[in-house]
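Chemist: This note's numbering puts the sequence shown at residues 106 to 258.
Where a beta carbon is used, it is the ideal one built from N, C-alpha and C, also for glycine.
Below is the structure I would like to discuss, written out as structure tokens.
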Amino acid sequence: MEIKVGEIIRLKREEKRYGLKDFAKLVGISPGYLSQLENGHKVNPKLETILRIIKELDIDIDMLLGLEKEGENINVKIPSLLKLVLAKDRNYKVMEDKDILKKLCNIIDKALESKYLVEDQMLYALFLEDIYIQIETILKRYMALQIIKYDLE
Numbered sequence: 106m107e108i109k110v111g112e113i114i115r116l117k118r119e120e121k122r123y124g125l126k127d128f129a130k131l132v133g134i135s136p137g138y139l140s141q142l143e144n145g146h147k148v149n150p151k152l153e154t155i156l157r158i159i160k161e162l163d164i165d166i167d168m169l170l171g172l173e174k175e176g177e178n179i180n181v182k183i184p185s186l187l188k189l190v191l192a193k194d195r196n197y198k199v200m201e202d203k204d205i206l207k208k209l210c211n212i213i214d215k216a217l218e219s220k221y222l223v224e225d226q227m228l229y230a231l232f233l234e235d236i237y238i239q240i241e242t243i244l245k246r247y248m249a250l251q252i253i254k255y256d257l258e
């Protein structure tokens, strides 16, 4: 999946809750031009325009241009909405298996049904946090087992 500069700008703008017209006005360009940048129809904007955009959106220019420094974890810099786009593409592949999809739906159903059993909002939030921690713990266990299995082979 290829992520383009315009997509990063749009996702970061939406993450910061700027409307297209308001943000275009803020950086001194027309809404139509901003839309064309975000949709990839304009691919060579003036440097001053890009600099104003990255300043207002707090985007790292190296990340925007796809320049990753050695040993640097680029995931820390990717806007959260962009992470969702990347995860969605990856998750579609997992959910193509009907048995896995059924199990995931059952897990989500149980978590949602629990809201009616644990009526207190704070306790339900703690319940969900416990589920999250348990998933992390189980994942680490299975990743370790996977490493052991490959070492034995």
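#1: Between the C-alpha atoms of Lys151 and Asp202, what's the straight-line distance to the nearest angstrom?
#2: Is Ile114 near the ligand SAH, with its Cβ less than 6 Å from a heavy atom?
#3: On the DSSP letters alone, give me the boundaries of the alpha helix (DSSP H) that Ile236 sits inside.
#4: Which residue comes first and which comes last in the alpha helix (DSSP H) that contains Arg157?
#5: Which of the three DSSP states is assigned to Ser219 in this structure?
#6: Note down, in chain order, each residue of its chain lying with its Cβ closer than 7 Å to the Cβ of Ile205, except the 5 sequence neighbours on either side.
#7: Can you give me the Cβ contacts of Tyr255 inside the same chain, cut-off strictly under 6 Å, excluding the 5 residues immediately before and after it?
Modeler: The structure says:
#1: Taking the first residue of the sequence shown as 1, we reach residue 151 at position 46. Taking the first residue of the sequence shown as 1, we reach residue 202 at position 97. Spanning the two alpha carbons is a distance of roughly 46 Å.
#2: Absent from the structure shown: the ligand SAH. Ligands present: none.
#3: Your numbering for residue 236 matches position 131 in the sequence shown. DSSP places Ile236 inside the alpha helix (DSSP H), whose first and last residues are Gln226 to Leu257.
#4: Numbered from its first residue, the sequence shown carries residue 157 at position 52. Unbroken alpha helix (DSSP H) run through Arg157: Leu152 to Leu162.
#5: Numbered from 1 along the sequence shown, position 114 holds the residue referred to as residue 219. Ser219 falls in the helix class under three-state DSSP.
#6: Within the sequence shown, the letter at position 100 stands for residue 205. For Ile205, where only same-chain residues beyond five positions count, the Cβ hits under 7 Å are Val199.
#7: The count along the sequence shown starts at 1 and reaches residue 255 at position 150. None.
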